[in-house]
Amino acid sequence: MGPELVHRGETLTAPPAPRLLADCAFIRIPAPLGGSAVGRVCTVVTERDSDARVPDWWRGLGLPGLIDLHVHFLPERMERRVWHHFHHGGPLMGDGWPITYEWPVERRVERLRELGVRSFPALAYAHRPGMAADLNEWTLGFARRTPGCLPSATFFPEPGAGKYVGAALDDGARIFKVHLQVGAFDPRVPELDEVWGLLAEAGVPVVVHASSIPVPGGYVGEEPISGVLRRHPRLRVVIAHMGMPEYDPFFELAARYERVALDTTMAFTDFSERAMPFPERLRPALLDLGLAGKVVLGSDFPTIPYPYAHQLDALARLDLGDDWLRAVCWSNGMAMI
């Protein structure tokens, strides 16, 4: 029998999957989507000291650690602005949410090491012209001075994008990030055709925020990125957040294209399940895609409203088996990078 949690006066028994959580308490925070006054509130679990249990968890699976392909480190000024939006909400954030790891950069890097995250990127993304090249210089430099950090880069539809993307690849970039909701650009524009071609040829993964989380906006949904894939079917795309809340079309996209995968970022957590529950009908597809190398671990660290351990617990309680967890938390990411 798993541990019991008390939620709204009801006793809930956890499933018999590996668990990380202990000393659970509940808090009320804004939900990622709008709605009625009631709909703007969700209940999530916070786990005191649960991060300390993470290494024992992955060792129990026989893993050497974790590979997390959705982690953010940003230049200080940009990071302050992003965190301001999380705190105060806005047209791109809805109500926003608390940031569990609003810590100095050195402490955040140290926490990832304590958790056993062996490889992680510093995903930055451009939201206007003229900033991507400078962001790439920063993220590539951050990776050079931070053991375990994958060299990462971004781009924006603008003159010269192909040139600075090529330069980033030459400088060792191994993963890219674009955010179609925040950037509000159509990935099918002619200015990006050269970029997509370069990335398809290089075979590096591109983490694409293509769904309407936290709020609808920009060029989100399956069709814009699907249009890119029709022209560049060998592109290695990682759909962020499992495509929530538009799960079905993005699962179909992952099944259709050999190099399209999904990351787990914030999916299945109590926070997301309140407003964007994962459809039970997709569980067989989730199992198959994970075992086929098409689901990778992502967390959104540090800008998450719960401890890191809760993302892993959310995966474990799916009860899809240890082989699935090993694939998602390590081998699929390793094969991709």
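Here numbering that gives the first Met the number 0 is used: the sequence shown runs in plain steps of one and ends on residue 336.
Every residue gets a Cβ at the ideal spot worked out from N, C-alpha and C, and that includes glycine.
{"query": "T263 beta carbon less than 9 Å from that of L296", "result": "yes"}
{"query": "Delimiting residues of the alpha helix (DSSP H) encompassing D247", "result": "Y246 to R255"}
{"query": "Rounded separation between P158 and M243 - CA only", "result": "32 Å"}
{"query": "Alpha-carbon to alpha-carbon, L111 and E200", "result": "31 Å"}
{"query": "Residue range of the unbroken beta strand (DSSP E) whose run includes A152", "result": "S151 to T153"}
{"query": "Length at least 3, wholly inside the segment 187-242: the beta strand (DSSP E) runs in chain order", "result": "205-208 and 236-238"}
{"query": "Segment limits, beta strand (DSSP E) that includes F141", "result": "Segment A131 to R144 is the alpha helix (DSSP H) holding F141; no beta strand (DSSP E) there."}
{"query": "Beta-carbon proximity check, P74 vs W137, cutoff 9 Å", "result": "yes"}
{"query": "Minimum length 4: unbroken alpha helix (DSSP H) runs contained in the segment 294-322", "result": "307-315"}
{"query": "Spatial distance of L281 from L314 (CA atoms)", "result": "14 Å"}
{"query": "A183 beta carbon near the ligand SAM (any heavy atom closer than 8 Å)", "result": "Inclusion of the ligand SAM in the displayed structure is not the case, the ligand content being empty and no account of it being possible."}
{"query": "Every unbroken alpha helix (DSSP H) inside the segment 59-112 [4 residues or more]", "result": "75-87"}
{"query": "Residues bridged to D262 (per DSSP)", "result": "V295"}
{"query": "Distance CB(G64)-CB(W56) smaller than 9 Å", "result": "no"}
{"query": "Simplified DSSP assignment, three categories, for P276", "result": "coil"}
{"query": "Beta-carbon proximity of A260 to V236, cut-off 9 Å", "result": "yes"}
{"query": "Beta bridge counterpart(s) of P128 as assigned by DSSP", "result": "Answer is none; P128 lacks a bridge partner."}
{"query": "Cβ-Cβ distance between L149 and I174 below 9 Å", "result": "yes"}
{"query": "Proximity below 9 Å, CB of L317 to CB of L285", "result": "yes"}
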